[in-house]
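First up is the structure itself, then whatever we jot down about it.
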Amino acid sequence: MATPPPSQFAALLRRSKFASYDPHIGQVYTAFDGHAARGNFGLKRPLALRRRNAHITVQAVDSREQQTVWRSAEQENRWIRMWDEVGVRPKLENLTKWEQKVGTLGAEVSFLADSEFVHQETVETQKEDGLYEELAEEEEEELVKKSYAVPNLDAMSEKEFEQYLEHLRSLRPAFHNFLRKKYKNHPISSKTLFQHSLRGGDDFREFLESHAYQEYHKKHPRYIEQQPHRYAGLSYSHAPDVQTFNTTKPHVGRILGDPGTDRQAQFYAVASAGMTSRLTVGSKGEEGNQIITLRFTGATLDSTPEVVGARPEGLEGASLRTSVRIDGPIVPYKSGTNPHPPGTREYVAYLEKKQRDHSVSMTSQPRPKQVDFTPQDHNIPAQRLLNVLHNMSFKE
């Protein structure tokens, strides 16, 4: 009996590159060139969306009605592109939803920057200030390897929390050994009970972090150490403010409302770069001008969308508070005499010109500085007389 030939769909499925789809993970798909013109997004069937630079999210590849369920993701795509143009690094505040979810894993990382615009103390400067004793005490203390990837109590259910408590009770012998090693050179009896009551949770917290490090760094670990991104992937750069100012362009915004006679109002509501931001009252600029040029000064990330779950969220699940200011010159750094952007030809030429003006040799004397005066100075008779006499002395 002859066997039926294999299905063409099975052969196409084996050769298909569509392996990244997961209905529980929110992803954005796009197509390019001829595939976009034919509506081919790598799915089971072509879509009616046939244009370039189109972005979609897929809810189901093949529904019960034998249709591909999708929706447009143009809002997410345009917002990400506008955010890349802004170039502002977000920050976190305490007691926000995202900050509590990240916990200690999202601690701020200090990045050392070698720049003439960043003032940061070096180790040599600290030693010159007389901190030898503190450094010696830190070297004497035994370094305990820790991991901040401890279980998040705020994200646990009641049942999970009870199971976690049972696990902690089983770690009492290990906790006692940890205390003996820690206070081997510093006996506990040297401190009063009141002093221990003030910092009663520090020892237990250090023990949990040390125990987590040992679990993650076993020869055959059963767990993977979590390293969530502090800003949920919103920004990966750590550029200083002066670099952001010189590498990004201002955006045109519109003032949405006017506080009017309300003296307690402190901010304007401004729409710019696809977001509603805050503008401090008093820096609006010309009165009656509703369309202004703005620059972003800060962003606070309160909550992020749940992109992994039964119903993945999109941009509507994010909460981001932004602030802006009127576009204008920033406060000069250090000497504050070079108005050109750092790194440009005008910036370097300005420094060379400044050095030539201040150069003095053995055969030439420094030229007296010419006093410039504006037409407004003529209104002051005394200033006008001094300027005339000073210019006459140069001519002689």
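In the UniProt record's numbering, the protein residues as written are 1 to 396. C-beta atoms are modelled at their ideal positions from N, C-alpha and C, and glycine is treated no differently.
Item	Value
Which of helix, strand or coil DSSP assigns to D33	helix
Option in S323, P90, R345 with minimal Cα separation from V281	S323
Given D62 as reference, the closest of E74, R311, R45 once Cα atoms are compared	R45
First through last residue of the beta strand (DSSP E) which encompasses D84	No beta strand (DSSP E) contains D84, which is instead part of the alpha helix (DSSP H) from 74-86.
T244, enclosing alpha helix (DSSP H) - first and last residue	241-247
Cβ contact check for the stretch 84-103 and the stretch 292-309: 3 or more pairs under 8 Å	yes
Distance CB(N40)-CB(A54) smaller than 8 Å	no
Own chain partners of Y29 with C-beta closer than 6 Å, once the 5 adjacent residues on each side are dropped	F41, I56
Cβ neighbours of Y347 in the same chain (closer than 8 Å, five flanking residues each side left out)	N338, H340, P341
D62 in three-state terms, based on DSSP	coil
Contacting residues, own chain, Cβ-Cβ under 7 Å from F267 (five flanking each side not counted)	R278, L279, T280, V281
Close-in-space but distant-in-sequence residues of the same chain around K91 (CB under 8 Å, 5 per side omitted)	G298, A299, T300, L301
As assigned by DSSP and simplified to three states, the class of S210	helix
Contact check, residue 402 vs A232, beta carbons under 8 Å	Any answer about residue 402 is impossible in this case: the structure gives the chain only from 1 up to 396.
Extent of the continuous alpha helix (DSSP H) run through Y164	158-169
Cα-Cα separation, H316 to D22	It is Glu, not His, that sits at residue 316 in the sequence shown. About 20 Å.
Paired residues, beta bridge with I326 - DSSP	L294
Strand pairing of A299, partner residues [DSSP]	T322
Euclidean distance between Cα positions of V308 and E85	27 Å
Alpha-carbon to alpha-carbon, A349 and H24	57 Å
Exposure label - V88; buried when at least 16 CB within 10 Å	buried
Y347 - DSSP class collapsed to helix/strand/coil	helix
Proximal residues to E124 (C-beta, below 7 Å), its chain only, five neighbours per side dropped	Residue confidence for E124 is low, a pLDDT of 46 falling below 50, so the modelled location carries little weight; the figure read from the coordinates is stated next. Excluding positions up to five away in sequence, the list is empty.
6 Å CB neighbourhood of R321 in its chain, flanking five on each side removed	T300
Cutoff 6 Å; reference R58; Cβ partners in own chain excluding five residues on either side	In the sequence on display, residue 58 carries Val and not Arg. The answer, listed in chain order, is W70.
Beta-carbon proximity of G314 to E76, cut-off 8 Å	yes
Helix, strand or coil at V144 according to DSSP, with G and I counted as helix	coil
Among R52, A271, L208, the one whose alpha carbon lies nearest that of L165	L208
Residue closest to K181, alpha-carbon to alpha-carbon, out of S210, Q27, A155	S210
CB-CB length for G257 against S272, believed under 8 Å	That pair is no contact at about 14 Å.
Residues of its chain near K145, where Cβ-Cβ distance is below 6 Å and the 5 sequence neighbours each way are ignored	Y213
Exposure of T64, with buried meaning 16 or more beta-carbon neighbours within 10 Å	According to the sequence shown, residue 64 is Arg rather than Thr. The residue is exposed, with fewer than 16 neighbouring Cβ atoms inside 10 Å.
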